[in-house]
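Colleague: Here the working numbering is used: the sequence shown runs in plain steps of one and ends on residue 120.
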Amino acid sequence: MTWIKVLDATALPEGERKVVKLEDHDILLAHAQGEIYAMLNACPHMKLSLRKGEITEDETIVCPFHRSAFDLHTGAVKVWTPWPPMVGKLMGKVASERPLRVFATKVEDGSIWIEIEA
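So this is what it looks like as structure tokens:
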């Protein structure tokens, strides 16, 4: 594993989000509830952006399109495509249930770092 510096810490104040390009991936950084989270900016369901997803008090991000919900620390699925009502179960079958890819973060020397596989 390798730590990569991705952003100056002052560029991501509490409550803000930014998408950064890292290799071939768009990584969503979110500063919420005093923590900085990093995740692939693509819901595993249909690869739609999570940038406007709700971050809840129980450290979950909810996809703004189909309301799949993922643990921000582990990426584990908490809810899989409940929206829209009645159709959600069918839409959930478009892609099998998969976790969200998340990355460890740290703030060091005034910068945000993400841990990635080398």
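The beta carbon of each residue, even a glycine, is placed where N, CA and C say it ideally should be.
1) Counting only the same chain and skipping the five closest in sequence on each side, list residues whose C-beta sits under 6 Å from that of Val104.
2) So, helix, strand or coil for Thr83, using DSSP?
3) Would you report the Cα separation of Ser70 and His47, rounded to the nearest angstrom?
4) Give me, in chain order, the residues of the same chain whose beta-carbon lies closer than 8 Å to that of Lys54; leave out the 5 immediate sequence neighbours on both sides.
5) According to DSSP, is Thr107 part of a helix, a strand, or is it coil?
6) At what residue ranges does the segment 11-49 contain a whole run of the alpha helix (DSSP H), taking only runs of 4 or more?
7) Report buried or exposed for Val109, applying the criterion of at least 16 other Cβ atoms within 10 angstroms of its Cβ.
8) Starting from the C-beta of Arg19, find all residues in its chain whose C-beta is less than 7 Å away, skip the five residues before and the five after it, and write them out in chain order.
9) Taking the alpha-carbon of Asp28 as reference, which of Val64, Asn43 and Glu16 has the nearest alpha-carbon?
10) Which residue comes first and which comes last in the beta strand (DSSP E) that contains Thr62?
11) Quick one: is Thr4 buried, meaning 16 or more other Cβ sit within 10 Å of its Cβ, or exposed?
Modeller: In brief:
1) Translated into positions along the sequence shown, residue 104 becomes position 102. Met41 and Gly77, listed in sequence order.
2) Locating residue 83 in the sequence shown gives position 81, counting from the first residue. Of the three classes helix, strand and coil, the one that applies to Thr83 here is coil, per DSSP.
3) Position 68 of the sequence shown, counting from 1, holds the residue named residue 70. Position 45 of the sequence shown, counting from 1, holds the residue named residue 47. Taking the straight line joining both Cα atoms gives about 8 Å.
4) Indexing the sequence shown from 1 puts residue 54 at position 52. The residues are Pro66.
5) Sequence index remark: in the sequence shown, residue 107 carries index 105 (1-based). Here Thr107 sits in strand by DSSP.
6) none
7) Looking up residue 109 in the sequence shown gives position 107. The residue is exposed, with fewer than 16 neighbouring Cβ atoms inside 10 Å.
8) In the sequence shown, counting from the first residue as 1, residue 19 sits at position 17. Hits under 7 Å: Leu30, Leu31, Ala32 and Arg53.
9) Working through the sequence shown from its first residue, we reach residue 28 at position 26. With distances taken between Cα atoms, Asp28 lies closest to Asn43.
10) Mapped onto the sequence shown, residue 62 falls at position 60. Element bounds for Thr62: Thr62 to Val64.
11) Numbered from its first residue, the sequence shown carries residue 4 at position 2. Its Cβ having fewer than 16 others within 10 Å, Thr4 is exposed.
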